[in-house]
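Below you'll find the structure, written out as structure tokens, and then a few comments.
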Amino acid sequence: MTASAPLIACHECDLLQREIALPPGEVVLCGRCGAELYRSAHSTLDKPLAFLLTAAVVLTVANVYPIVGLEIQGSGNATTLFGAAYALWHQGMPPIAVLVFLTTFLVPAVELAIMGYILLSLKYGRRPAGMTLLMRALQHVNPWGMLEVFMLGVIVALVKLTHYGTVIPDMALWAFGILTLLLAATASSFDIRDVWDRVEALPCREVDE
Amino acid sequence: MNGVPVTAASRALYSCHTCGLLSRGADKGADMGGVVHCPRCSAELHFRKPDSVARSWALLIAAYIMYIPANLLPIMETSSLFGSQDDTIMSGVLYLWYSGSWDLALVVFVASIMVPLLKLIAMTLLLVSVQRRSVWQPLQRTKLYRVVEFVGRWSMLDIYVVTILAALVQIGSLATIKAGPAAVAFGAVVVLTMFSALQFDPRLIWDPLQKERPGHE
Ligand SMILES: [Zn+2]
Ligand SMILES: [Zn+2]
Chain A
1 MTASAPLIAC HECDLLQREI ALPPGEVVLC GRCGAELYRS AHSTLDKPLA FLLTAAVVLT
61 VANVYPIVGL EIQGSGNATT LFGAAYALWH QGMPPIAVLV FLTTFLVPAV ELAIMGYILL
121 SLKYGRRPAG MTLLMRALQH VNPWGMLEVF MLGVIVALVK LTHYGTVIPD MALWAFGILT
181 LLLAATASSF DIRDVWDRVE ALPCREVDE
Chain B
1001 MNGVPVTAAS RALYSCHTCG LLSRGADKGA DMGGVVHCPR CSAELHFRKP DSVARSWALL
1061 IAAYIMYIPA NLLPIMETSS LFGSQDDTIM SGVLYLWYSG SWDLALVVFV ASIMVPLLKL
1121 IAMTLLLVSV QRRSVWQPLQ RTKLYRVVEF VGRWSMLDIY VVTILAALVQ IGSLATIKAG
1181 PAAVAFGAVV VLTMFSALQF DPRLIWDPLQ KERPGHE
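Residue numbers (the working numbering), protein chains in the order written: chain A, 1 to 209; chain B, 1001 to 1217.
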């Protein structure tokens, strides 16, 4: 094989293909199975960083304020996400409490922290320490962030709650809604391939080991 | 396009899971115990996910087993002045339906009952076809795998509903809602099927094509 353009292997069917140059905003799909091979690199790191920092602020708001309140015959009750997980724990459901806490708070928070650290390091021209470990952690935790499902769950719960009393939607409900969109925007502007290319392009590269 | 499709594995090239780099693997000598590493990010390299089919099966069978208590046991226990009531996932759907929210009833039915079951069936089909080295409809099977990966998370819906209800409806003797034992079983089904799908290597769907073609020529 005489290489003209670099080769790339599809991660879903392993077909070898030649890379082609891409105009901005375009995506290359595998010729055999249609999986996304790569997308054109972003010109700056500012866009993913902007989404990411906003998402971090909104994540904080979403967890500080109550999601929803319920008023039954004069006595009121409101819950935050932590409060809900805490209640489950004390009702003899620790596994579920942990699952809820992981999928709605810990995973999104860890993802934002890792991406933020990598992007900020690259922005200041440094190779992030432990890059391989961080990228692998990111890949492993990613499927377990389920905020959009949680949002739908809250909506179903709201409908069921109207049966018991007056439902009062609170700050965190809106915050979670916005956060869902922000996380999607952050994830789509954070490109693994682009990040590795930037790491490789750094002038003085330290070796990991 | 011309004859046998060329895959990375057939050219002894590794594609790195962590950084995507295509390489022959850095030979770091005997101290690495025969494990090949990526020259760019030093992650371990494999042609295919190791023991993919066996691990995927084990997790899937466990998920099948948990699916039974998840649907038979109560997921929500309500106690009020008028006595107590246990709700399974299905009775929760029926409650929404009869209280006029047929749209949400449908959403919960699809997310909590249909999706988990279809996921179990789809994973079984994928695993059996891969084990039999089937060359039948690889593209459609790859698409099926993508659907399984995409919808997996949506089965968590009922868990979140119960979480919110159990946290809020705690008004002493008036009404109290607790999560029931099915919540744990149901959570286990979701987690186990997701792990099963993550262990599965979709490239195995395409591998038999590789071996078949040269024989025909
Ligand atoms: Zn492909
Ligand atoms: Zn690598």
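Using N, Cα and C, we set each Cβ at its ideal position, and we do this for glycine too.
Chain-ordered neighbours of residue i on chain B, where CB pairs are closer than 9 Å
i, result
"L202/A", "Residues of chain B passing the Cβ test: none, with the nearest at roughly 13 Å."
"L119/A", "What L119/A touches in chain B: nothing, since even the nearest Cβ is about 16 Å away."
"P143/A", "E1149, G1152, R1153, M1194, A1197, L1198"
"A157/A", "Y1160, V1161, V1162, T1163, I1164, L1165, L1168"
Among the options, nearest to residue i - alpha-carbon criterion
i, options, result
"V1147/B", "S1134/B, V1161/B, W1136/B, L1126/B", "L1126/B"
"Y65/A", "D170/A, I155/A, V28/A", "D170/A"
"L1198/B", "S40/A, P143/A, E111/A", "P143/A"
"L1118/B", "C1038/B, G1025/B, S1155/B, V1004/B", "S1155/B"
"Q1180/B", "P1074/B, L1165/B, T1124/B", "This sequence places Gly at residue 1180/B; Gln is not what is there. The option with the nearest alpha carbon to G1180/B is P1074/B."
"V1190/B", "S1015/B, A1111/B, R1024/B", "A1111/B"
"L106/A", "N77/A, S40/A, G145/A, A62/A", "G145/A"
"A129/A", "G1025/B, A1026/B, R1011/B, C1041/B", "C1041/B"
"L1185/B", "V1006/B, L1072/B, G1020/B", "In the sequence on display, residue 1185/B carries Ala and not Leu. The shortest Cα separation from A1185/B among V1006/B, L1072/B, G1020/B belongs to L1072/B."
"V210/A", "R1153/B, L1021/B, T1176/B", "Because chain A is modelled from 1 through 209, residue 210/A falls outside the range shown and cannot be assessed."
"V1101/B", "K160/A, V195/A, E36/A, Y164/A", "The sequence shown places Ser at residue 1101/B, rather than the Val named in the question. That would be K160/A, whose Cα lies nearest to the Cα of S1101/B."
"L15/A", "L1139/B, T1176/B, S1196/B", "L1139/B"
"G25/A", "I155/A, Q17/A, E19/A, Y38/A", "Y38/A"
"F150/A", "D191/A, K123/A, S188/A, W174/A", "W174/A"
"T162/A", "E19/A, Y124/A, Q73/A, I20/A", "Q73/A"
"K1143/B", "G83/A, C33/A, A97/A", "C33/A"
"V1162/B", "D1207/B, A1058/B, V1093/B", "V1093/B"
"L179/A", "M131/A, L122/A, L70/A, T104/A", "T104/A"
"V61/A", "A109/A, W196/A, A85/A", "A109/A"
"D46/A", "R127/A, L119/A, V156/A", "L119/A"
"E71/A", "G1187/B, Q1170/B, S1196/B, I1177/B", "Q1170/B"
"C1038/B", "L182/A, V68/A, A35/A, T132/A", "T132/A"
"G210/A", "V195/A, T166/A, R18/A", "Because chain A here runs from 1 to 209, residue 210/A falls outside it and cannot be looked at."
Partners in chain A for residue i, counting only beta-carbon separations shorter than 8 Å
i, result
"P1241/B", "Lying outside 1001 to 1217, the shown extent of chain B, residue 1241/B is not represented and no answer is given."
"R1040/B", "W196, E200"
Residues that DSSP places opposite residue i in a beta bridge
i, result
"T1078/B", "Q1085/B, I1177/B"
"V167/A", "L70/A"
"E1044/B", "H1037/B"
"L1022/B", "S1015/B"
Under 7 Å by beta carbon: chain B residues contacting residue i
i, result
"R136/A", "T1018, A1043"
"I96/A", "I1159, A1179, A1183, V1184, G1187"
"T261/A", "Residue 261/A lies beyond the range of chain A shown here (1 to 209); nothing can be said about it."
"V149/A", "R1153, W1154, M1156, L1157, Y1160"
Per-residue contacts from residue i into chain A (C-beta, under 9 Å)
i, result
"P1222/B", "The structure shown does not extend to residue 1222/B, since chain B is modelled only from 1001 to 1217, so the question has no answer here."
Interface partners of residue i on chain A, CB under 7 Å
i, result
"I1068/B", "Going along chain A, no residue has its Cβ under 7 Å from I1068/B, so there is no contact; the nearest lies around 18 Å."
"T1142/B", "E12, C13, C33"
"S1052/B", "The contacting residues do not exist; S1052/B stays about 13 Å from chain A at best."
"Q1085/B", "In chain order: nothing, as chain A lies at least about 12 Å away."
Neighbouring residues, chain B, relative to residue i (Cβ below 8 Å)
i, result
"G83/A", "A1167"
Touch test, the stretch 128-141 of chain A against the stretch 90-98 of chain A, Cβ-Cβ under 8 Å, three pairs minimum: With the rule of 3 Cβ pairs closer than 8 Å, the stretch 128-141 of chain A does not count as touching the stretch 90-98 of chain A.
Pick out the complete alpha helix (DSSP H) segments inside the stretch 2-73 of chain A, 4 residues or longer, and give them in chain order. Segments of the alpha helix (DSSP H) lying fully in the stretch 2-73 of chain A: 46-64.
Please determine if the stretch 1199-1210 of chain B and the stretch 1047-1055 of chain B are in contact, where contact requires at least 3 C-beta pairs separated by less than 8 Å. The stretch 1199-1210 of chain B, when compared against the stretch 1047-1055 of chain B, does touch it at the 8 Å Cβ threshold.
Do the stretch 155-173 of chain A and the stretch 75-84 of chain A meet, that is, are 3 or more Cβ pairs less than 8 Å apart? Proximity of the stretch 155-173 of chain A to the stretch 75-84 of chain A meets the contact definition, three or more beta-carbon pairs being nearer than 8 Å.
Runs of alpha helix (DSSP H) wholly within the stretch 1150-1205 of chain B (minimum 4 residues, chain order): Here the runs fully enclosed are 1157-1168, 1181-1199.
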